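Colleague: Residue numbering for the sequence shown follows our numbering, starting at 158 and increasing by one per position.
Quick reminder that beta carbons are idealized off the backbone N, C-alpha and C, glycines included.
The model shown is predicted, which means the values in this text are computed figures rather than measured ones.
The structure is given below, and queries will be raised subsequently.
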Amino acid sequence: MTDLNAQARDILIRNDRGGYTVPTHGLYPYQWNWDSAFVALGFAEFDRDRAWQEIETLISGQWDDGMIPHIIFHKDDPGYFPGPSVWATGKTPATSGITQPPVLATIVRKLWEDEGADPTHSRMRRLYDACLKSHRWFHVFRDPKANGLVMVTHNWETGRDNSSEWDDALARVDTSNVGDYQRRDTGHVDAAMRPTQNEYDRYVAILQFGRNCGWNHREIADNGPFRMIDVGMSMELLRANRDLLAMAKAMGDAAVIVELEARIALSEKGMDWLWNEEAGAYCSRDATTDQSSGLVTNASFLAFYAGVGNSTQRARLIAALERITGSATYLVPSLEAGSRAYDHKRYWRGPIWLVVSYMVAQGLVEAGHNAWADRICSDSARLIEKSGFYESFSPEDGSGSGGPDFSWTAAMWLAWCS
Ligand code: 9WN
């Protein structure tokens with residue numbers, strides 16, 4: 158236990174590149190958005206100043222329109238594709254042109270409350286402003302149905318990159334003009350654990366659409382080749398708005414309180430659009446065709462974290478968790494076994510990702526399902542004890558997949574499951 162604590166700290170320290178942390182050495186040499194949010198929780202266990210700094214460095218890449226990019230390229234590195242010259246956003250610091258799950262406000266609230274919830278806390282106030290700007294960006298550019306849910310315009314935005322939920326929408330993406338490019342990820346980890354070449358071509362084609370229109374977010378949202386309402390980001394933004402509201406109330410920010418309360422009410426109501434009665438779960442839906450994926454993923458269980466669902470819906474979600482224990486040794490798989498394209502080793506088509514498990518467990522505690530939360534927490538600890546600090550883990554045999562010495566896995570050990 159103590160040894161694992163030391164190892165976890167050591168991973169964060171070794172992945173520190175000076176004010177920001179890379180997710181893992183080699184495979185991901187830049188600063189990623191939601192990784193940094195979770196990493197801050199890990200640093201907070203032994204270096205609070207460094208925890209705040211991680212997020213402050215991240216928002217140094219925020220765009221004027223409010224978007225917090227999914228990658229900040231502080232220093233160029235040929236080991237990752239697509240790097241800054243492929244995105245070509247023209248920003249300083251260089252960044253990608255898309256965003257990632259909006260979990261920042263939730264983490265800022267936690268850091269701030271752990272330090273006594275002082276409404277004059279200057280570091281919290283600065284990050285509060287950045288989060289508010291980013292949440293407004295989602296509202297303006299990513300709510301095409303005006304129902305408070307989140308549309309993504311690239312599967313990388315979801316952070317659950319190759320989830321089977323995106324397969325039908327990706328199949329419609331034209332790849333005829335993609336051209337040649339050299340993947341780097343499969344030089345670092347086993348290709349059997351990564352998205353396929355066919356999928357990568359589609360990811361690159363969507364990126365090229367954004368670049369070709371000069372990263373015009375209106376154009377991308379209205380006419381982009383990939384438009385999905387993501388259950389994960391919709392739940393995370395609703396939760397983040399609740400956390401932002403708590404900070405707004407502490408500061409007495411009256412106009413923002415009214416704004417956020419309206420936004421929260423809209424999302425609570427809108428979430429029913431994602432409920433799939435047959436699956437008995439919240440599922441992502443295509444914003445162009447309205448088709449529901451019908452797939453039960455780890456993101457479906459974020460309903461508790463977001464504070465949505467009536468008693469019948471919640472009971473069905475708990476029944477789904479119970480059912481999943483029949484095919485998974487460890488919780489929570491990113492896709493239920495037996496679903497289309499399930500693969501216990503391939504990235505977001507089955508493997509367990511501890512940051513999602515953490516959010517699911519948080520929500521379960523808040524909803525009074527302590528036994529389920531404890532089960533997820535102890536399964537997460539067992540995975541690290543068995544296999545080390547991997548990027549993700551097989552729900553069947555607990556083996557590690559993706560990159561080793563992973564920052565957010567180390568952070569989850571320190572802040573949650575140890
Ligand atoms: C693309 C860094 C990121 C995570 C994502 C995870 C993976 C990148 C990639 O790594 O995505 O953003 O190249 O595969 O899917 O959730 O933020 O750890």
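Taking just the CA atoms, how far does Val489 sit from Ala472?
Modeller: Cα to Cα, Ala472 sits roughly 17 Å from Val489.
Colleague: Using three-state DSSP, classify Ile225 as helix, strand or coil.
Modeller: In this structure, Ile225 counts as coil in the three-state DSSP scheme.
Colleague: To the nearest angstrom, how far is the alpha carbon of Gln470 from that of Ala438?
Modeller: Each residue's Cα considered, the two are about 7 Å apart.
Colleague: Can you tell me whether Gly316 sits near ligand 1, meaning its C-beta is under 7 Å from at least one heavy atom of the ligand?
Modeller: Yes, the Cβ of Gly316 comes within 7 Å of a heavy atom of ligand 1.
Colleague: CB of Trp573 to nearest heavy atom of ligand 1: below 7 Å?
Modeller: Checking the Cβ of Trp573 against ligand 1 gives no.
Colleague: Reducing DSSP to helix, strand and coil, say where Tyr547 ends up.
Modeller: In the structure shown, Tyr547 sits in coil (DSSP, three-state: anything other than H, G, I, E or B).
Colleague: Which of helix, strand or coil does DSSP assign to Asn433?
Modeller: Strand, per DSSP.
Colleague: Given this structure, state the Cα-to-Cα distance separating Ile168 from Arg205, to the nearest angstrom.
Modeller: The alpha-carbon atoms of Ile168 and Arg205 are separated by roughly 17 Å.
Colleague: Mapping DSSP to helix, strand and coil, what is Ser558?
Modeller: Three-state result, Ser558: strand.
Colleague: Nearest by alpha-carbon distance to Ala419: which of Asp429, Thr446, Pro508 and His296 is it?
Modeller: Measuring from the Cα of Ala419, the nearest candidate turns out to be His296.
Colleague: From the DSSP secondary-structure annotation, give me the bridge partner or partners of Gln188.
Modeller: BP columns for Gln188 point to Ile229.
Colleague: Assuming contact is defined by CB atoms lying nearer than 8 Å, are Tyr487 and Asp536 in contact in what I supplied?
Modeller: The answer is yes: Cβ separation under 8 Å.
Colleague: By Cβ distance, which residues of its chain are closer than 8 Å to Gly409, with the 5 residues on each side in sequence left out?
Modeller: Pro276, listed in sequence order.
Colleague: Within the continuous alpha helix (DSSP H) that includes Ile264, where are the two ends?
Modeller: That run of the alpha helix (DSSP H) goes Leu261 to Asp271.
Colleague: Name the residue from Gly427, Val265, Glu553 and Ser551 whose alpha carbon lies nearest to the alpha carbon of Ile212.
Modeller: Considering only alpha carbons, the answer is Val265.
Colleague: Note the first and the last residue of the continuous alpha helix (DSSP H) segment covering Ile377.
Modeller: Where Ile377 is concerned, the enclosing alpha helix (DSSP H) stretches over His374 to Asn380.
Colleague: Beta-carbon within less than 6 Å of Phe461's beta-carbon, same chain only, minus the 5 sequence neighbours each way: which residues are those?
Modeller: Contacts found: Gly520, Leu521 and Ala524.
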